[in-house]
Structures are given as C-alpha cells and as structure tokens.
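First comes the structure, then the notes that go with it.
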Amino acid sequence: MKRKPSLYRRCSYLSVGLTGGIASGKNFVADLLEAEGIPVIDADPIGHELIRPGAPCYGAVVKLFGRGVLARNGRVVRRRVADIVFGDAKKLRALNALMHPPIFREADQRARMLHRRGGHAIVVVSAAVLVESGAAKHFDRIVVVSCRPAIQLRRLVRRDGLDTQRARARLAAQLSDAERRKNADHIIENSGSRLHTRRQVQRLARQLRRAAR
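Our numbering puts the first residue of the sequence shown at 48, with every later residue one more than the last.
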C-alpha cells in the first residue's frame with residue numbers, strides 16, 4: 048500500500064501501525080514487541096480517556112446513544128455502547144467518525160514524545176481500527192495480526208463471556224481479515240502456539256530495526 052506522511056507530523060522515526068481483529072491476539076503481539084524494546088502506544092485506553100465525564104468526546108457520545116449507556120456515576124458503560132453499535136451499522140459509523148480523529152491525534156502526539164524524550168527509532172501504535180479509520184496510510188509499516196476465524200470466535204466467547212451468536216455478530220461487524228491483510232507490510236499468524244508467535248515477533252523486530260537504520 049502506498050504510504051504518505053502523517054496528517055499530523057513528519058516522522059523522524061519509523062512509525063509502525065499494529066492492527067488485527069477482535070480476539071486475534073493483537074495485545075499479545077504488542078506485549079512481545081515491548082519485550083523486544085520497541086515501545087507500543089495502545090489506542091484503546093486513549094479512547095477510554097476521551098469518553099470519561101468532562102472529556103472531549105463524552106457529551107457527543109451521550110448525545111449519540113442516550114443516557115441509557117451511562118452508569119449511575121455518569122460514566123459511559125462501554126459494553127452497552129458495544130451492544131448497540133455491533134447491531135447497528137449506522138451507529139457504528141457515527142461512533143467511528145466521532146472517535147477516530149482525536150484518538151489518532153493523541154496517539155501521534157504520544158509517539159512524537161516517545162521519540163523526542165526517549166530517542167526511540169521505532170514507535171508502534173496499536174489500534175483495532177487502523178485500516179477502517181484511514182489512518183493506516185500515514186504509517187511507514189503496517190503489521191497485521193491474523194487468526195483463523197474459528198479460533199478467533201472461540202477466544203472471543205471465552206474472553207468476553209459472550210454467547211456464540213453475539214460473538215459472531217461482533218466479528219461480522221468488523222473489517223474482514225482478508226481486507227486487513229491487503230494493507231499489511233508484515234503479517235503475524237497467531238493461530239498456533241505462543242512460541243510460534245513469539246518467534247515471528249522476534250523476526251519482525253529485527254526487520255523493523257533494519258528498516259529504521
């Protein structure tokens with residue numbers, strides 16, 4: 048895929064986007080990269096911060112979904128939002144349009160800071176929606192974590208305590224693995240053992256270090 052400079056800055060380091068479908072093992076791969084000494088910024092907690100009461104996206108999320116998604120303390124219950132958007136494509140698109148730009152702006156600022164203060168030659172941003180959001184084209188490299196659908200479904204049911212029907216609906220609402228792979232510079236196959244994945248990540252880390260030099 049053709050890359051172009053970030054909307055927010057020109058990189059003086061190797062910017063890497065890490066993505067994968069729900070329950071594909073993206074977080075495990077991120078942990079392995081960090082164990083290799085490569086810093087990873089997780090976009091998911093940034094999204095959590097943006098919808099806290101008083102945060103920039105809080106009011107818009109409440110307006111979009113109504114006060115039924117709020118807990119008694121006023122916080123957004125993300126599971127309630129998920130139950131809505133994974134059954135309503137229009138609401139999912141609206142949520143993505145609201146959240147993606149500020150999430151990636153903040154991730155970009157944190158990546159810049161890591162490079163400037165820590166001298167890191169490589170910074171990874173991990174985000175499930177990297178391709179869907181259009182942000183993928185602003186990275187130097189894209190890493191896709193891939194997993195066989197049956198294993199992904201089993202992991203999702205076990206991890207989130209969902210029944211099979213709800214888990215299938217969440218998987219169906221996301222971009223297909225095949226579409227993600229079209230955007231990949233590197234693919235980590237995470238359907239096998241942890242050792243197999245670890246060896247792939249170690250090889251990936253070597254490749255990224257060579258590219259950063």
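Glycine included, C-beta positions come from ideal geometry on N, C-alpha and C.
For Gly64, the pairing in a beta bridge is given by DSSP as Val172, Ile189.
Membership of Val204 in the alpha helix (DSSP H) is indicated by the continuous run 196-207.
By the criterion of at least three beta-carbon pairs nearer than 8 Å, the stretch 183-192 is not in contact with the stretch 87-103. The stretch 188-196 makes contact with the stretch 64-75; the number of CB pairs closer than 8 Å reaches 3 or more. Annotated as proximal: Leu251 and His233, with beta-carbon spacing under 8 Å.
Under DSSP, Leu117 shares a beta bridge with Val123. When Cβ pairs closer than 8 Å are counted between the two stretches, the stretch 236-244 is seen not to touch the stretch 204-217, the count staying below three. Put simply, the backbone Cα of Ala141 is about 22 Å away from that of Asp155.
Note on geometry: alpha-carbon atoms of Glu179 and Leu139 lie some 12 Å from one another.
Judged by their CB atoms, Arg202 and Ala77 are not nearer to each other than the 8 Å cut-off. Here DSSP, grouped into helix, strand and coil, assigns His233 to strand.
DSSP places Ile85 outside any beta strand (DSSP E), giving it a letter other than H or E. The straight-line gap separating the alpha-carbon atoms of Thr244 and Val170 is approximately 20 Å. By the Cβ-count criterion, Val124 is exposed, with fewer than 16 other Cβ atoms from all chains shown falling within 10 Å of its own Cβ.
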